[in-house]
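Okay, so the sequence shown: first residue is 17 according to this note's numbering, each after it adds one. All C-beta atoms, glycine included, are put in the ideal place defined by N, C-alpha and C. Heads up, the thing below is written out as structure tokens.
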Amino acid sequence: TIHYEGKKLIVTIKRQPKNLDLDKMTIAIDAGHGGTNRGARGVRSKIYEKNYTLLIAKEIQKALEEKGATVIMTRTDDASLSMYERKQLMRAAHPDFMISVHLNSSVRSDVRGVSTYYRYIGFRPLTKFLQQSMIKIDGLEDFGNIGNFNFALLGPTDFPNSLLEVAFLSNREDEQMILQKTFRQEVAEHVVEGVKKWLKSCKEK
Numbered sequence: 017t018i019h020y021e022g023k024k025l026i027v028t029i030k031r032q033p034k035n036l037d038l039d040k041m042t043i044a045i046d047a048g049h050g051g052t053n054r055g056a057r058g059v060r061s062k063i064y065e066k067n068y069t070l071l072i073a074k075e076i077q078k079a080l081e082e083k084g085a086t087v088i089m090t091r092t093d094d095a096s097l098s099m100y101e102r103k104q105l106m107r108a109a110h111p112d113f114m115i116s117v118h119l120n121s122s123v124r125s126d127v128r129g130v131s132t133y134y135r136y137i138g139f140r141p142l143t144k145f146l147q148q149s150m151i152k153i154d155g156l157e158d159f160g161n162i163g164n165f166n167f168a169l170l171g172p173t174d175f176p177n178s179l180l181e182v183a184f185l186s187n188r189e190d191e192q193m194i195l196q197k198t199f200r201q202e203v204a205e206h207v208v209e210g211v212k213k214w215l216k217s218c219k220e221k
């Protein structure tokens, strides 16, 4: 990847790790929004997206660490972080891959479901396996796996990256699931499952 740090042009070449076991991975988990950037609001509960992305991200962190992975969190509290700061934090940590956790919203209250996003076609497999795993959660609909998506944290090419929009805060059924700790734990378990299947597919290439 090529990027600027101040007036310096930084060129980074990263090769696929030789060991693709989950317990050898360093994974960046980004809890979307935070601080003054509250994100979307629940249609009935009026909860802020920033609080529940953090709760979900922490469940994912716990589930991954239980499998032996090293997890780097962009935030662990209600911190305000710009996209630039998040990217710099992750670049400094040299993760093997990144998942950014968000909650979706729509002007249409009937729109619901989980979706995953990537910008570069080479990173599609990670999002595809995450999506396939997530839609196994009872009651969670499939909103799709979407490419060429313009989101700042999908810009770096230093490491595979993905955006996970867990469900819609603007939909009452999805909102009710998001409020449940058991659902958030299920999300974490299915993220781990998707990651493991993706790593397995990488080994078979």
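Around the beta carbon of S125, a 10 Å sphere encloses fewer than 16 other beta carbons of the protein chains shown; the residue is thus reported as exposed. If you look at M114, you'll find it in the beta strand (DSSP E) that goes F113 to N120. Taking C-beta separations shorter than 7 Å and ignoring five residues to either side along the sequence, the partners of R102 in its chain run D46, T90 and L169, following chain order. With respect to L119, G160 sits apart: the two C-beta atoms are not nearer than 8 Å. I115 is positioned such that its CB atom lies closer than 8 Å to that of V207. Taken through DSSP and simplified to helix, strand or coil, D126 comes out as coil. In the displayed model, F175 falls within coil according to three-state DSSP, outside both helix and strand. The beta strand (DSSP E) runs of length 3 or more contained entirely in the segment 85-116 are, from start to end of the chain, 86-89.
The residues D94, A95 and S96, in chain order, have a CB closer than 7 Å to that of G51 in the same chain once the five nearest residues on each side in sequence are set aside. Looking at the backbone, the Cα of L156 and that of T69 are separated by about 17 Å. When DSSP assignments are scanned along the segment 128-163, the uninterrupted stretches of beta strand (DSSP E) that are 3 or more residues long and fall wholly within it turn out to be 130-133 and 158-162. Per DSSP, T52 lies in no beta strand (DSSP E) and is assigned neither H nor E. The straight-line gap separating the alpha-carbon atoms of R135 and R60 is approximately 32 Å.
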